[in-house]
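Student:
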Amino acid sequence: MVSSIVTILILLALAALFAWLVTRAWKSKRWYIKFPGVILAGLFTLVFALLTFAMAKGLYDLTRPYPVASVNVTIAGTPEQIARGEHLATVLCAGCHSQNGQLPLTGGNNLSDDSGLPLGDLFAPNITPAGKIKEFSDNELYRILRTGVEPNGRASFMAGVTARYMSDADAQAVIAYLRQSPPVEKQTPPISYSPLLTLLGGVGLLGINVPDPLQPVTAPPKAATKEYGEYVVRFLDCRGCHGPTLSGDALPPAPPGASNLTVIVPKWSKDNFFQAMRTGVDVTGHRISPPMPWKQVGLLDDVELEALYEYLHALSPIVAKK
Ligand code: HEC
Ligand code: HEC
1 MVSSIVTILI LLALAALFAW LVTRAWKSKR WYIKFPGVIL AGLFTLVFAL LTFAMAKGLY
61 DLTRPYPVAS VNVTIAGTPE QIARGEHLAT VLCAGCHSQN GQLPLTGGNN LSDDSGLPLG
121 DLFAPNITPA GKIKEFSDNE LYRILRTGVE PNGRASFMAG VTARYMSDAD AQAVIAYLRQ
181 SPPVEKQTPP ISYSPLLTLL GGVGLLGINV PDPLQPVTAP PKAATKEYGE YVVRFLDCRG
241 CHGPTLSGDA LPPAPPGASN LTVIVPKWSK DNFFQAMRTG VDVTGHRISP PMPWKQVGLL
301 DDVELEALYE YLHALSPIVA KK
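Laid out in structure tokens, this is it:
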């Protein structure tokens, strides 16, 4: 945060410096200094002014309070609900909130490392009952999952996480699981955003998006259908890396190199897909490398994985424009 403020001040100073140089060049009697000078210094003024503006907007969006209404949930905590929540936590939360991709959710590695960009310290915290979640009521936890908004109104990193696309029932199941998961004392370094991350936020590339929590989210009935597969794609955020059309068209800070699923999966049989996601080696013998979370995806149960296959298999191939 401090480094972002310092960067903003430096950019502002540079914009002012070049603006001053524009006025200096303008006053020059020699045309070969005047015109190139005005154009060049003017260009730099513009670039630094735009960067200053984008950074300031990013800083504002990342720190301002978001007024989101509270919601009331009652978590029944039945054995079935807890089991469903545990399954979802493994598939959906463990990739970030655990160092080895497994439960318990004692806190993860620096997510900045995956992106290959200096984004800051982005450690997903310990969310066992001994960790971060003890600060939140069920309603507050539910609101964080749905919107990323903390009780103090700040949008946490979870505002960019698609956990909010889980159905109401699934989100509540996750809370039911978290509450009775084994408490583990462990601390991760505090979150800190780098100037680059602030800039990406300012130009709208972070996907900070605070939806209305009162909108109910329902899932289609769980079955091996395209519709359920679409639901899985949304809450597992395949698009976060594979792009809005799943053709590999994601922009930074998404990690580079995510495949064009619209070309690959339609050619695969269901068995090819299951093999790729459950063993990490696809039908051509290619070892699927990180950050593709195939281990997580492979943990989906057979019905979910088949639904995912049905959805992806039915996509029309999109060949990337060069
Ligand atoms: C893409 C990575 C990622 C995924 C997936 C993810 N989280 Fe997080 N989560 C984070 C990060 C990073 C933070 C720290 C946010 C901050 O302090 O700004 C966080 C914070 C939290 C917090 C504390 C909120 C706060 O404001 O400090 C809770 C609770 C939480 N996550 C729950 C979950 C649950 C439950 C899941 C699975 C349904 C999940 N997260 C999936 C990255 C992730
Ligand atoms: C964190 C980023 C990320 C997410 C999230 C992600 N992928 Fe990937 N995926 C990648 C990258 C990078 C590759 C390329 C890896 C390779 O081929 O070695 C890839 C490759 C693949 C491949 C092709 C592997 C091959 O054999 O060529 C499939 C299929 C795939 N992903 C499916 C999915 C599905 C389905 C989801 C959502 C459930 C998903 N991915 C979510 C990053 C991601």
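Using the working numbering, the first residue of the sequence shown is number 1, and each one after it goes up by one. No residue lacks a Cβ here, since even glycine has one placed at the ideal position from N, Cα and C.
For the alpha helix (DSSP H) containing R146, name the first residue and the last one.
Tutor: DSSP places R146 inside the alpha helix (DSSP H), whose first and last residues are D138 to T147.
Student: Might you give, ordered along the chain, the residues of its own chain that have their beta carbon closer than 6 Å to the beta carbon of L145, omitting 5 neighbours on each side?
Tutor: A163 and A171
Student: Going by alpha carbons, who is nearest to P104 out of N110, I82, I127 and K132?
Tutor: I127
Student: Is C93 a contact residue of ligand 2, with contact defined as CB to any heavy atom under 6 Å?
Tutor: no
Student: So, under 8 Å CB-CB, D249 and G243 are touching, yes? Tell me the CB distance rounded to an integer number of Å.
Tutor: 3 Å
Student: Could you have a look at N272 and say whether DSSP puts it in helix, strand or coil?
Tutor: helix
Student: Between the Cα of A26 and the Cα atoms of E306, L17 and G37, which residue gives the shortest distance?
Tutor: A quick correction: the sequence has Trp, not Ala, at residue 26. Selected option, being the one with the closest Cα: G37.
Student: Indicate, with yes or no, if ligand 2 has a heavy atom lying under 6 Å from the CB of A258.
Tutor: yes
Student: Taking P182 as part of the alpha helix (DSSP H), name the residues at either end of that continuous run.
Tutor: Neither: P182 is in no alpha helix (DSSP H) and is coded neither H nor E.
Student: Which residue marks the beginning of the alpha helix (DSSP H) containing Y231, and which one marks its end?
Tutor: K226 to F235
Student: For V283 and L315, which I take to be in contact (beta-carbon distance under 8 Å), what is that distance rounded to the nearest angstrom?
Tutor: Not really, about 18 Å apart at Cβ, beyond 8 Å.
Student: From K322 to L205, what does the alpha carbon distance come to, in whole angstroms?
Tutor: Low per-residue confidence applies at K322: pLDDT is 43, beneath 50, and the placement is therefore not dependable enough to give any value.
Student: Specify the secondary structure class of A54 as computed by DSSP and reduced to three states.
Tutor: helix
Student: Note down the Cα distance separating I5 from G153, rounded to an integer number of angstroms.
Tutor: 21 Å
Student: Report back the beta-carbon spacing between V22 and A41 to the nearest angstrom; my notes put them in contact at under 8 Å.
Tutor: 5 Å
Student: Give the straight-line distance between the Cα atoms of L12 and D121, rounded to the nearest whole angstrom.
Tutor: 25 Å
Student: Leaving aside the five residues before and after V2 along the sequence, list all residues of the same chain whose C-beta is less than 8 Å from its C-beta, in chain order.
Tutor: Taking C-beta separations shorter than 8 Å and ignoring five residues to either side along the sequence, V2 has no partners in its chain.
Student: Since V281 sits in a beta bridge, which residues does DSSP pair it with?
Tutor: R287
Student: Since A94 and Q102 should fall inside the 8 Å C-beta cutoff, what is the C-beta to C-beta distance between them, to a whole number of angstroms?
Tutor: 6 Å
Student: Excluding five sequence neighbours on each side, which residues of the same chain lie with their C-beta closer than 6 Å to the C-beta of H313?
Tutor: V265 and P266
Student: Cα separation between Y60 and E150?
Tutor: Near 16 Å, if we compare the C-alpha coordinates of E150 and Y60.
Student: Check D249 in the structure and name its three-state DSSP category.
Tutor: It is coil, neither helix nor strand.
Student: For P129, which residues from the same chain have a beta carbon less than 7 Å from its beta carbon, with the 5 sequence-adjacent residues on both sides left out?
Tutor: Here the set comprises R179, S181 and P183.
Student: Between the beta-carbon of G160 and the beta-carbon of I191, is there less than 7 Å?
Tutor: In this structure, G160 lies away from I191, with their beta-carbon atoms at least 7 Å apart.
Student: Roughly how many angstroms lie between the CA atoms of G131 and G285, to the nearest whole one?
Tutor: 41 Å
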